[in-house]
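In full-length UniProt numbering, the protein residues as written are 1 to 496.
Where is the CB? At the ideal position from N, CA and C, for every residue including glycine.
In structure tokens form, the structure reads like this:
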């Protein structure tokens, strides 16, 4: 007992914090806001001034809010003082992360001018990582020096910004580039930017706006992750040609034409698919990505598809028809997510056709749209007057419910749901078609372990009045469905 007390006494006298190396202390403090990093000076004598040499600078304006107001001058002066002090020491800055906004319009003027100055400051300090999230309506002009920063390895700008590239660019070490809500003058600007990044591995351009059509061609041996999301403009047709033998993930939206070449290493894909109504007279650009594009993605393990309407209509009846002409399977696919498709007899038949070419999937996620009418043809659409696009459509019979079930189990060798373990459906409205689809999955998924069902939020006061009662009845019906997997559990989520 005496020995134990002696050991405890000895441990109490050891200042272990002071014995940490400066590199380790810097690493620990790199995960917190600079406001809190300064407050750690009370932990140890050695820590009193160590914050002045921190290579990682994190600032979040939300930490300076009092109620709904922010002391802008205090935040601006604080960042200014930190950078001035760092400048006097002459040490490099590895990371500059800033989260600010939203602000009122007058405050935006102060922030944009200071932000411009701060970015120039950290570039001069050989910064390696710039990450700025600025929630503002003001348009920010990115300083030219950013695109000539030889030390920069990661650039993430989540900000409404205007990019005008300088004549000379030098981003020789940049591996990560993410721009959101950026305005690039034209496709030549995008090509010029990408050509200046010889070792780029991660490229993500989101909410990109342009003055006209975008036609991008990219060939890269280093690129591993690619995402291009363009702001939708029905007057513009956007095209992408991508060759990247080491590409692991691909995501795109609002593209009318995509050509993926040499992407055999691709593991994950998230893309739009446009399916025009039969005999509809739409431009060729609209038809680029019938389902034949999916064959390029046949080796992926994780696939997300958003079926988009063409001219506000999606003819889901064409999906089984088009798939019959594409003799391929997603033999490696484990996780499949389908977005923006409501449930009806025709859409269930389309989903069954998709699942039939995915023999190994383990998880299936279905995100139902909030408004079915703008996404899918219904039987009433065929008789609508004044609709040029569907006047020549051939009449079809509704798929029989038993046929839908049989289409998932044509033979033991092609049993579609034999490995399915997890199902998640969101946006449920309580329709009979939704119940039918859930019942089919429970009846046929032999290894199902969990099914998660999310009900959509009630839209009106009338819907809200009946909401809980309808949800309760829906749950009771689901729980009465027969299940082939005795280990399966069903979880329900709804708005209280």
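Contacting residues, own chain, Cβ-Cβ under 7 Å from residue i (five flanking each side not counted)
i	result
residue 485	445, 446, 447, 448
residue 167	none
residue 100	61, 111, 134
residue 89	52, 53
residue 267	248, 249, 300, 301, 302
Beta-carbon proximity list for residue i, same chain, < 6 Å, skipping 5 on both sides
i	result
residue 296	260
residue 474	430
residue 394	Its pLDDT being 37, under 50, residue 394 is placed unreliably by the model, and the measurement read from it follows with that caveat. Closer than 6 Å at Cβ, skipping near neighbours: no residue.
residue 122	93, 96
residue 119	143
residue 176	154, 202
residue 424	365, 452
residue 271	252
residue 403	At residue 403 the pLDDT is 49, less than 50, meaning the model places this residue with poor confidence; the figure from the coordinates comes in the next sentence. Around residue 403: no qualifying Cβ.
residue 450	422, 489
residue 130	96, 155
residue 98	59, 132
residue 62	none
residue 465	none
residue 125	92, 93
residue 298	328, 330
Contact test: residue i Cβ vs the ligand GTP heavy atom, cutoff 6 Å
i	result
residue 332	The ligand content of the structure shown is nil, which means the ligand GTP is not present either.
Exposure of residue i, with buried meaning 16 or more beta-carbon neighbours within 10 Å
i	result
residue 479	exposed
residue 31	exposed
residue 269	buried
residue 17	exposed
residue 128	buried
residue 134	buried
residue 307	buried
residue 238	buried
residue 27	exposed
residue 483	buried
residue 459	exposed
residue 263	buried
residue 197	buried
residue 495	exposed
residue 369	buried
residue 85	exposed
residue 462	exposed
residue 24	exposed
Inter-residue CB distance, residue i and residue j (contact presumed, cutoff 8 Å)
i	j	result
residue 205	residue 225	The Cβ separation is near 12 Å, so there is no contact.
residue 255	residue 228	7 Å
residue 157	residue 136	In fact, because the Cβ distance is near 12 Å, the residues do not count as touching under 8 Å.
residue 79	residue 59	6 Å
residue 195	residue 173	The Cβ separation is near 15 Å, so there is no contact.
residue 216	residue 187	6 Å
residue 117	residue 76	Rounded, the Cβ-Cβ distance is 10 Å, inconsistent with contact.
residue 207	residue 178	The pair is not a contact, with the Cβ atoms about 11 Å apart (cut-off 8 Å).
Range covered by the alpha helix (DSSP H) that runs through residue i
i	result
residue 477	461-479
residue 439	432-444
residue 97	From DSSP, residue 97 is part of no alpha helix (DSSP H) but of the beta strand (DSSP E) over 95-100.
residue 56	From DSSP, residue 56 is part of no alpha helix (DSSP H) but of the beta strand (DSSP E) over 56-60.
residue 293	No alpha helix (DSSP H) contains residue 293, which DSSP labels as neither H nor E.
residue 349	345-356
residue 187	187-195
Close beta carbons around residue i, own chain, < 8 Å, minus the five adjacent residues each side
i	result
residue 418	359, 446, 447
residue 443	405, 481, 482, 483, 484
residue 493	452, 453, 454, 455
First and last residue of the uninterrupted beta strand (DSSP E) at residue i
i	result
residue 231	Looking at the DSSP string, residue 231 is not in any beta strand (DSSP E), and its letter there is neither H nor E.
residue 424	422-428
residue 451	450-455
residue 34	Unbroken run through residue 34 is the alpha helix (DSSP H), 34-39; no beta strand (DSSP E).
residue 27	Residue 27 -> not in any beta strand (DSSP E); alpha helix (DSSP H) instead, spanning 22-29.
residue 154	154-163
residue 137	No beta strand (DSSP E) contains residue 137, which DSSP labels as neither H nor E.
residue 241	239-243
residue 215	215-219
residue 222	Careful: residue 222 lies outside any beta strand (DSSP E) and carries neither H nor E.
residue 125	No beta strand (DSSP E) contains residue 125, which DSSP labels as neither H nor E.
residue 339	335-339
residue 249	249-253
residue 486	Segment: none, residue 486 is in no beta strand (DSSP E) and carries neither H nor E.
Check your understanding: Per the contact definition of three or more C-beta pairs closer than 8 Å, is the stretch 323-334 in contact with the stretch 300-307?
Key -> Contact between the stretch 300-307 and the stretch 323-334 is present: three or more C-beta pairs spanning the two stretches fall below 8 Å.
Exercise for review: Kindly confirm or deny that the stretch 430-437 and the stretch 338-345 touch, where touching means at least three C-beta pairs closer than 8 Å.
Suggested key: Counting C-beta pairs with one atom in each stretch, the stretch 430-437 and the stretch 338-345 have three or more that are closer than 8 Å, which means they touch.
Review point. How do the stretch 82-95 and the stretch 140-150 stand: do at least 3 beta-carbon pairs fall below 8 Å, yes or no?
Key: No, because fewer than three Cβ pairs between the stretch 82-95 and the stretch 140-150 fall closer than 8 Å, the two stretches do not touch.
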